Every structure is written in structure tokens, then in C-alpha cells.
Amino acid sequence: MMRVIRFERFGGPEVLTMTTVPDPVPGPGEVVVDIHAASVNPVDWKIRSGRLERYFKSTFPVIPGRDGAGVVASLGSGVAGVKVGDAVSFVAAHMGQGTYAEKIALTADRLVAKPAGLSFAGAAAYPLAGLTAWMAVVSTAPVERGMKVLIHAGAGGVGGIAVQIARHRGAEVVATASAANADYVRSLGASQVIAYDREDFSARLKDLDLVFDTMGGAIHARSYRVLKKGGTLVWITAEPVDDHGAKYGVAVKQALVRDNPDALRGLAALVAQGEIRPQVGRVLPLADAAEAHRLSETGHVRGKIVLAMR
Ligand SMILES: NC(=O)c1ccc[n+]([C@@H]2O[C@H](COP(=O)([O-])OP(=O)(O)OC[C@H]3O[C@@H](n4cnc5c(N)ncnc54)[C@H](OP(=O)(O)O)[C@@H]3O)[C@@H](O)[C@H]2O)c1
1 MMRVIRFERF
11 GGPEVLTMTT
21 VPDPVPGPGE
31 VVVDIHAASV
41 NPVDWKIRSG
51 RLERYFKSTF
61 PVIPGRDGAG
71 VVASLGSGVA
81 GVKVGDAVSF
91 VAAHMGQGTY
101 AEKIALTADR
111 LVAKPAGLSF
121 AGAAAYPLAG
131 LTAWMAVVST
141 APVERGMKVL
151 IHAGAGGVGG
161 IAVQIARHRG
171 AEVVATASAA
181 NADYVRSLGA
191 SQVIAYDRED
201 FSARLKDLDL
211 VFDTMGGAIH
221 ARSYRVLKKG
231 GTLVWITAEP
241 VDDHGAKYGV
251 AVKQALVRDN
261 PDALRGLAAL
271 VAQGEIRPQV
281 GRVLPLADAA
291 EAHRLSETGH
301 VRGKIVLAMR
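This is the structure we're talking about:
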């Protein structure tokens, strides 16, 4: 039997309960991973609250969690290239059969190796946030050497990795964060940080090549002003956005985050090279998943919250 966190109805963090369920068994082509750590992503509590029900149909009970890291414990038939004992990171295949659990069954192609020097918490902290950043600034609106790029919420899970990827690709990176996080975001590779609690980025910046909007709403609306004509505004789903691309003469692109083993391998390679340093803000035991959601819902976590299973 294994411990899991799950919920049987939508609601606040209190609907998350710890229970035990039978261990998963690997099917053909699958492995079972002993999960050591799972990250908390905003999508976890957005699903738990019921507000994403239009987009992701939930079948109760739901085990939250999209990504994690651990050690391969058993192999199904026909698995090649992976062995018991391998330390790995992964993104879960199915919403609702998530990573707030001590074990998970996954097809082997979903695994990437954990570098020896990286903690399990670090290895759990980057897959989904990193994939999101990758889809935005590599796949959808590729950052190129010499570009001047603004990344919103550089202290957050997605923004923190986007800053590192954009810097690695040779861009000059500006980011927004609170004043308290300015030095932290500079340490990730931003050459300039605009403290959103002290000044308006749209009054300070102009003629940028690219903005990565992780916030939406009013921040999205103000982002058009800082782009040069022909620039690009790439966004992910957060607060609702209105497209003013035609008015400002900029391309507006939504980065859709889909399963993408190649992108995960690309990310993992940069992590292994030390070009991306996964950022673990807090580690809490699995039993404290509700507290982890409360913290994430404040919208002011630095890096990632990670749940530890052991
Ligand atoms: N498929 C998709 O479209 C997709 C995928 C992943 C994520 N998302 C969404 O993208 C958003 C960001 O995700 P995330 O994982 O990066 O969230 P997160 O880690 O919870 O982001 C928290 C960060 O946001 C920063 N922040 C808060 N208000 C800000 C402001 N006004 N200006 C600049 N920074 C601000 C905070 O910095 P301070 O502490 O300094 O305030 C904090 O570090 C979420 O809404 C998430 O649901 C969408």
C-alpha cells in the first residue's frame, strides 16, 4: 500500500486528505517510480478549487500533482533503456492520477535522468514549470541571441526558469518581481529587475523584442507598450487577456503546454549542464499538501514548493 493525497470534491485546501491505496503495477512499457519529491504547481490548486472544470474534467477521487522525481522501483514488460535504481524526473501522464503519492506508474519515455549532484527536491522542481517556460521562449516565440526580452514574475516557478533559458540563449533579460526578490532574480540571470511594487515597468521599458507574460490581466494589457513594432508577446493562461496585437503591430502568441518528451529532454540537458538551476523555495512533507496549496495560492512563492515523500 502507498500513501497518497487526494480529494473527492472541489473546495479549499481542506478537501485534501491523506489516505492509503494499493501500489500501482507497471503495465507493458511502464515503470513504477518510488516518488521522493513532487512539486506544487498553481494548476494543482486551480483544479482542486473546481475553477478549471471547463478545461479538465475531473473524475473523483483526484490525486493532484503533475511532476516529480524519484527512483525506478520496478519494470513492466518490454521496457528498454531504464533499469531499477535509476534516479529520474518526470511529468505525470494523467490529470487526476498525480504525483502527490509515494509511487506512480509511467511509460518509460516520460523519464529523464536526475543528475547525480541534484537533490530529489531540485529534480522535482523543474519539469512542468520548465516545460511551460520552454514552450513559451523556445518553441512558441524562440528567444535569440541579442534580443531584449521581458519576463514577468521572474521569481516564480515558470518565470525563474524562463529567465535562465533566455539568458542561456544569449538574450538581454529584464524581469519583473517584488523589490524583495530583485537580487534573487538577478542571480538567475536578469540584467535588470523592475520592482512591480515600486514602479510601473511600462513606464521604464520600450522597444523590446519579446515579452513573456505569465500574469495576464492588467499586466498583459500594459505589456504591449514596451514592445517594438514587429515584436512578440507570448502568454500562458493566468488572468484573462485581450489581444491588442493589431493595434500595437506586435505578434501575440499563446504558448500551449503539451506533453513533449523532446522538450523535457532538452530541459534536462540544460539542468545537467548547470545552465538551469532548479529553484526550491520550500520543502514540506507530503502530509502538509494543504499548507503547500495555501502558500502557493498567495501568488508570492519564490521558486517552487516541493512535497517530500521520505
Ligand atoms: N498551460 C499554461 O498556460 C500554464 C502553465 C503553467 C503555469 N500557468 C500559469 O502561469 C502563472 C504563473 O505560474 P508559476 O508556476 O510561475 O506561478 P508561481 O510560481 O506561483 O508565481 C509566483 C510568483 O509570481 C510573482 N508575482 C506575483 N505578482 C506579481 C506581479 N504583479 N508582477 C510580477 N511578479 C509577480 C511572485 O513574485 P513576488 O513574490 O516577488 O511578488 C512570485 O514569485 C500561474 O497563473 C499558472 O497557473 C499556465
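Under the working numbering, the first residue of the sequence shown is numbered 1, with each subsequent residue one higher.
Backbone N, C-alpha and C define an ideal beta-carbon position, used for all residues, glycine too.
On a predicted model such as this, the values are computed, not experimentally measured, just so you know.
Endpoints, beta strand (DSSP E) assigned at residue i
i, result
"K253", "251 to 254"
"F90", "87 to 91"
"S39", "30 to 40"
"L227", "227 to 235"
"L205", "Here L205 belongs to no beta strand (DSSP E), and DSSP marks it neither H nor E."
"A105", "103 to 107"
"V173", "172 to 177"
"M18", "17 to 21"
"I305", "304 to 308"
"K148", "148 to 151"
"V112", "111 to 113"
"R3", "2 to 6"
6 Å CB neighbourhood of residue i in its chain, flanking five on each side removed
i, result
"A177", "G154, A155, V185, V193"
"P13", "A290, H293, R294"
DSSP-derived helix/strand/coil call for residue i
i, result
"Q273", "coil"
"K247", "helix"
"P285", "strand"
"K57", "coil"
"D67", "strand"
"F212", "strand"
"M135", "helix"
"L75", "strand"
"V143", "coil"
"A180", "helix"
"V62", "strand"
Any non-hydrogen atom of ligand 1 closer than 7 Å to residue i Cβ
i, result
"S296", "yes"
"H300", "yes"
"H293", "no"
"N383", "For the chain, the structure presents residues 1 to 310; residue 383 sits outside this window and is missing."
"Y196", "yes"
"S178", "yes"
"G122", "no"
"A289", "no"
"H220", "no"
"E38", "In the sequence as displayed, the identity of residue 38 is Ala instead of Glu. No - ligand 1 has no heavy atom lying nearer than 7 Å to the Cβ of A38."
"K46", "yes"
"H152", "yes"
"M215", "yes"
"G85", "no"
"G156", "yes"
"N260", "no"
"T237", "yes"
"V257", "yes"
"T99", "no"
"A311", "Examination of residue 311 is not possible in this model, given that the chain is present from 1 through 310 alone."
"G231", "no"
"T132", "yes"
"G189", "no"
Close beta carbons around residue i, own chain, < 8 Å, minus the five adjacent residues each side
i, result
"G266", "W134, V138"
"K206", "R225, V226, K228"
"V149", "V137, V143, A166, A171, E172, V173, V174, L208, D209, L210, V211, F212"
"V84", "V72, A73, S74, L75"
"G11", "R48, S49, G50"
"A373", "An answer regarding residue 373 cannot be provided, because it is not within the stretch 1 to 310 covered by the chain."
"R9", "V15, F60"
Endpoints, the alpha helix (DSSP H) within which residue i is located
i, result
"F120", "120 to 125"
"A190", "Where A190 is concerned, there is no enclosing alpha helix (DSSP H), given that its DSSP letter is neither H nor E."
"A166", "157 to 168"
"R222", "217 to 223"
Beta-carbon contacts of residue i that lie in its chain and below 7 Å, excluding the five residues immediately before and after
i, result
"A309", "Before going on, a small fix: residue 309 reads as Met here, not Ala. Cβ within range, chain order: I35, H36, A37, E102, L286."
"I219", "H152, D213"
"L188", "G154, G160, V163, Q164"
"A69", "H36, A37, V88, S89, K114, F120, A123, A124"
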